[in-house]
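Worksheet: the structure to be examined is printed underneath.
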Amino acid sequence: MNYSSYPRNDVLCIDMRSFYASVEAVKLGLDPMKTMLAVVGDPNRSGSIVLAASPQLKQKYGISNVSRFFELPDDPDIHIVPAHMADYLHVSVEITKLINQYVPKEAIHQYSVDEVWVTVNGLQKLFGNRFEVANKIKNDILENFGITSSVGIGDNKFLAKVVMDLHAKKVGIAECTYEDVEEKLWPFPIEDIWGIGGRMKRNLNRMGIVTLGQLANYNLEHLKKRYGVMGEQLYWHAWGIDLSPVFGNFTKQEQKGYGHGIALLRDYTEDEVAYCILDLCEEVCRRARTAHKTGRTIHLGISYSKETGGGFSRSKSIEIPTNVTMDVYHVCMELFNEFYDGKSNIRHVYVTLTKLVEKGETQLDLFEDRTKKNDIGYVMDAIRDKYGSTAILRASSYTDAGVTLDRSKKIGGHYA
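Heads up, the sequence shown is in the UniProt record's numbering, so the first residue is 1 and it goes up one at a time.
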């Protein structure tokens with residue numbers, strides 16, 4: 001492969017090791033790398049998920065972020081702490097501010113709360129080559145926050161991310177150029193490569209593709225014919241080629257729709273789920289109103305409890321776009337009444353509003369005072385903005401089946 005025509009940048013992919021667990025260990029005055037600590041979503045529920053485990057806990061007992069609270073061994077040396085999402089977000093923001101001392105904001109692409117891409121082009125005179133820059137940032141994070149990080153260095157985002165996953169997590173800092181792809185990436189199984197999930201792994205395995213090297217040497221036209229654009233992307237990634245922008249505003253994207261869902265803490269009956277659906281519709285429409293958008297297509301997703309399994313996912317389009325809570329709610333209930341099996345308990349609910357248009361494009365209705373209905377929603381939103389998200393709620397939110405009050409105490413589905 002001739003790489004001369006492809007851009008080369010100095011890109012770092014920085015990952016905070018066991019971030020949630022590390023933050024909690026530092027708060028307790030413990031060493032995150034030597035302490036056995038588990039961050040549990042809700043310690044009051046035995047089935048609650050382990051959101052993060054310290055490296056020592058992972059190494060000794062094999063606990064990971066897919067383990068459950070009840071699976072933790074009965075070891076007095078294990079520190080069990082509840083999640084504090086607000087603290088993790090705060091530390092993440094502060095780490096980004098630290099990185100911002102090295103590069104401008106447009107060179108920082110926040111991938112997740114604990115992972116970030118940083119483009120460090122042109123810093124040689126100030127801080128040295130890209131390996132030296134990576135080492136300085138890594139040491140700064142450790143000194144300022146007590147958190148150990150892994151850093152991948154690459155000619156583009158893909159190479160930086162993959163070499164971080166495959167090598168840097170073991171050695172601290174690892175680098176991969178275009179010329180290193182065959183040696184450092186090709187021997188690895190495709191499931192270890194960022195961007196290839198379980199379903200794609202099975203599909204590729206059936207084609208005889210097990211390693212990244214085999215994917216790179218597979219016929220490109222056959223991959224394109226079978227998987228379209230995705231097949232072509234897989235092929236070029238296997239050669240280490242990624243044309244994703246490394247500078248710019250990485251957060252501003254056109255909103256395609258507004259959705260809100262919840263995994264319920266207990267089984268809901270047919271009568272109770274109506275209250276949950278109403279609360280979700282309120283949140284979806286509030287977000288649409290804030291953006292001055294209305295939507296034509298309303299989607300309802302329902303998953304039943306484990307005992308019965310299954311569920312349904314259905315949508316309905318309406319003639320006049322809306323962001324009125326009760327409009328969306330009535331359509332959701334139509335879908336629910338039509339497709340619910342009439343007997344199963346419910347464990348997950350999701351509501352989405354799509355096919356968005358600007359609010360000003362909404363057609364007037366001669367037989368309904370739509371202006372008044374819209375004004376009610378905007379007034380409620382204004383009260384919540386000023387006095388808090390729970391300052392004014394529908395009566396149904398105060399019932400045992402309502403979900404708004406409990407969710408107001410959480411960030412990302414976990415307690416703040």
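Just so you know, even glycine gets a beta-carbon here, dropped at the ideal spot from N, CA and C.
State the beta-bridge partners of residue i as determined by DSSP.
{"i": "GLU358", "result": "LYS293"}
{"i": "ALA168", "result": "ALA168 is not bridged to any residue."}
{"i": "GLN110", "result": "VAL116"}
{"i": "PRO82", "result": "VAL40"}
{"i": "GLY47", "result": "Paired residues: none, contrary to the question."}
{"i": "THR352", "result": "GLY259 and HIS299"}
{"i": "ILE173", "result": "VAL151"}
{"i": "LYS316", "result": "ILE298"}
{"i": "ILE14", "result": "VAL116 and VAL151"}
{"i": "LEU189", "result": "One point to set straight first is that residue 189 is Pro, not Leu, in the sequence displayed. DSSP output for PRO189 lists THR211 as bridge partner(s)."}
{"i": "GLN304", "result": "Correcting the residue identity first, residue 304 is Tyr in this sequence and not Gln. ILE346."}
{"i": "THR322", "result": "GLY295"}
{"i": "ALA53", "result": "ALA38"}
Comparing C-alpha positions only, which one of the options sits nearest to residue i?
{"i": "LEU98", "options": "ILE137, THR119, ARG206 and GLY208", "result": "ILE137"}
{"i": "SER150", "options": "LYS293, LYS170, PHE131 and TYR6", "result": "LYS170"}
{"i": "ALA38", "options": "ILE63, MET16, GLN59 and ARG17", "result": "ILE63"}
{"i": "ALA263", "options": "HIS348, ARG68 and VAL163", "result": "HIS348"}
{"i": "HIS260", "options": "VAL181, ASN249, ARG286 and TRP239", "result": "ARG286"}
{"i": "PRO321", "options": "GLY342, LYS293 and ILE302", "result": "LYS293"}
{"i": "VAL162", "options": "ASP140, ASN65, HIS222 and GLU115", "result": "GLU115"}
{"i": "SER4", "options": "TYR61, ILE241 and ILE193", "result": "ILE241"}
{"i": "TRP236", "options": "ILE141, ASP15, VAL328 and PHE158", "result": "PHE158"}
{"i": "GLY309", "options": "SER344, SER317 and VAL229", "result": "SER344"}
{"i": "VAL118", "options": "PRO43, LEU280, VAL246 and ASP267", "result": "VAL246"}
{"i": "GLY190", "options": "LYS224, ARG202 and ASN249", "result": "Checking the sequence, you will find Ile at residue 190 rather than Gly. Residue ARG202 is the option with its Cα nearest to ILE190."}
{"i": "GLN214", "options": "LYS224, LYS225, TYR258 and LEU185", "result": "LEU185"}
{"i": "GLY172", "options": "LEU142, TRP194, HIS330 and THR390", "result": "LEU142"}
{"i": "MET333", "options": "LEU204, ASP271, ALA382 and SER54", "result": "ASP271"}
{"i": "SER244", "options": "MET1, PRO7 and ASN2", "result": "PRO7"}
{"i": "VAL181", "options": "TRP239, ARG130, VAL229 and GLY208", "result": "TRP239"}
{"i": "ILE302", "options": "ALA291, ILE318, ASP341 and SER317", "result": "ASP341"}
Suppose you measure from the CA of residue i to the CA of residue j; what does that come to, to the nearest Å?
{"i": "PRO187", "j": "TYR227", "result": "23 Å"}
{"i": "PHE145", "j": "VAL26", "result": "8 Å"}
{"i": "LEU89", "j": "THR96", "result": "11 Å"}
{"i": "SER313", "j": "LYS125", "result": "56 Å"}
{"i": "PRO104", "j": "SER46", "result": "45 Å"}
{"i": "ILE346", "j": "ALA134", "result": "48 Å"}
{"i": "ALA274", "j": "TYR350", "result": "12 Å"}
{"i": "LEU366", "j": "ARG206", "result": "Low per-residue confidence applies at LEU366: pLDDT is 49, beneath 50, and the placement is therefore not dependable enough to give any value."}
{"i": "LEU300", "j": "VAL328", "result": "10 Å"}
{"i": "ASN9", "j": "GLN110", "result": "17 Å"}
{"i": "TYR256", "j": "MET326", "result": "In the sequence on display, residue 256 carries Lys and not Tyr. Cα to Cα, LYS256 sits roughly 21 Å from MET326."}
{"i": "GLU106", "j": "SER315", "result": "38 Å"}
{"i": "PRO283", "j": "ASN249", "result": "It should be pointed out that residue 283 corresponds to Glu in this sequence rather than to Pro. Using only the alpha carbons, I get a separation of about 27 Å."}
{"i": "ALA216", "j": "MET1", "result": "10 Å"}
{"i": "PHE336", "j": "GLY311", "result": "11 Å"}
{"i": "MET164", "j": "GLY231", "result": "23 Å"}
{"i": "TYR258", "j": "ILE277", "result": "15 Å"}
{"i": "GLU254", "j": "LYS34", "result": "44 Å"}
{"i": "LEU123", "j": "TYR178", "result": "21 Å"}
{"i": "ILE49", "j": "LEU265", "result": "12 Å"}
{"i": "ILE193", "j": "LEU28", "result": "35 Å"}
{"i": "ILE383", "j": "ILE318", "result": "29 Å"}
{"i": "GLU338", "j": "GLU307", "result": "22 Å"}
{"i": "THR390", "j": "PHE69", "result": "30 Å"}
{"i": "ASP15", "j": "THR269", "result": "42 Å"}
{"i": "TYR387", "j": "MET380", "result": "11 Å"}
Please tell me whether residue i and residue j are closer than 7 Å, where the distance is taken between their beta carbons.
{"i": "LEU51", "j": "TYR20", "result": "yes"}
{"i": "CYS176", "j": "GLY198", "result": "no"}
{"i": "HIS167", "j": "ALA174", "result": "yes"}
{"i": "SER67", "j": "PRO32", "result": "no"}
{"i": "THR148", "j": "ARG289", "result": "no"}
{"i": "GLY377", "j": "VAL331", "result": "no"}
{"i": "ASN139", "j": "VAL11", "result": "no"}
{"i": "GLY295", "j": "LEU220", "result": "no"}
{"i": "TYR61", "j": "PRO76", "result": "no"}
If I'm right that residue i touches residue j with Cβ under 8 Å, what's the distance once you round it to whole angstroms?
{"i": "VAL113", "j": "SER92", "result": "5 Å"}
{"i": "GLY41", "j": "ALA86", "result": "That pair is no contact at about 14 Å."}
{"i": "LYS355", "j": "THR297", "result": "4 Å"}
{"i": "LEU212", "j": "LEU223", "result": "So it is not a contact: roughly 13 Å between Cβ atoms."}
{"i": "ILE78", "j": "PRO43", "result": "Actually they are not in contact, since the Cβ atoms of ILE78 and PRO43 sit about 12 Å apart, beyond 8 Å."}
{"i": "ASP267", "j": "SER305", "result": "5 Å"}
{"i": "GLY128", "j": "CYS13", "result": "Rounded, the Cβ-Cβ distance is 19 Å, inconsistent with contact."}
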